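To convert a position in the sequence shown, counted from 1, into our numbering, add 82.
Single-structure report; data block below.
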Amino acid sequence: MISLFPAQYISVAPRYYDQHQVFEDKPGAGWMLYLPRVITAQQLPEAQALIPTPSAGKKQKGTIIISTLDEIFSLDNARHIERANQIELRLVDQDLIDTYADMYQSAD
Numbered sequence: 083m084i085s086l087f088p089a090q091y092i093s094v095a096p097r098y099y100d101q102h103q104v105f106e107d108k109p110g111a112g113w114m115l116y117l118p119r120v121i122t123a124q125q126l127p128e129a130q131a132l133i134p135t136p137s138a139g140k141k142q143k144g145t146i147i148i149s150t151l152d153e154i155f156s157l158d159n160a161r162h163i164e165r166a167n168q169i170e171l172r173l174v175d176q177d178l179i180d181t182y183a184d185m186y187q188s189a190d
């Protein structure tokens, strides 16, 4: 899908997760977040899983970050929200995520 429809990010989260995310000007981690960059476990130890996404030449193009692996992400579970928030904080701390404005500016 990503090779057919290039994206600056793809976020999978329950409705209204945006009310729980840390930053209003950046995508939230939610249950899953795709970013078009290589991210390692050393950079983001809070993630329960990091799935590399290859480009056509088999070189890694991006990463799917999974915050909750063993169950369905729920806004009723404070641990899920806390883990997603920790991922968001780490992404900003490591300068691994852009603001919406920067994403759309670079897409032009």
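Virtual Cβ for every residue (Gly too), placed ideally from N, Cα, C.
All values reported here derive from a predicted model rather than from experimental measurement.
Drop a sphere of 10 angstroms on the beta-carbon of residue i, count the other beta-carbons inside from all chains shown, and report buried for 16 or more, exposed for fewer.
i: Y98; result: exposed
i: D184; result: exposed
i: K140; result: exposed
i: T122; result: exposed
i: L117; result: buried
i: A109; result: Note that residue 109 is Pro in the sequence shown here, rather than Ala. Label assigned to P109: buried.
i: L151; result: exposed
i: I215; result: Here the chain has residues from 83 to 190 only, and residue 215 is not among them.
i: I163; result: buried
i: A138; result: exposed
Flag this pair as yes or no: are the beta carbons of residue i and residue j separated by less than 7 Å?
i: I154; j: M114; result: no
i: I179; j: L171; result: no
i: G112; j: A160; result: no
i: Q125; j: Q90; result: no
Please name the residue in the options whose C-alpha comes closest to that of residue i.
i: P96; options: D158, A138, D107; result: D158
i: E106; options: Y91, Q142, Y182; result: Y182
i: Q142; options: S93, H102, R119; result: R119
i: A129; options: D100, T145, H102; result: T145
i: P136; options: V94, Q103, P88; result: P88
Suppose only complete runs of 3+ residues qualify. What are the beta strand (DSSP E) ranges in the region 95 to 127, listed by chain order? Runs of the beta strand (DSSP E) inside the region 95 to 127: 114 to 117.
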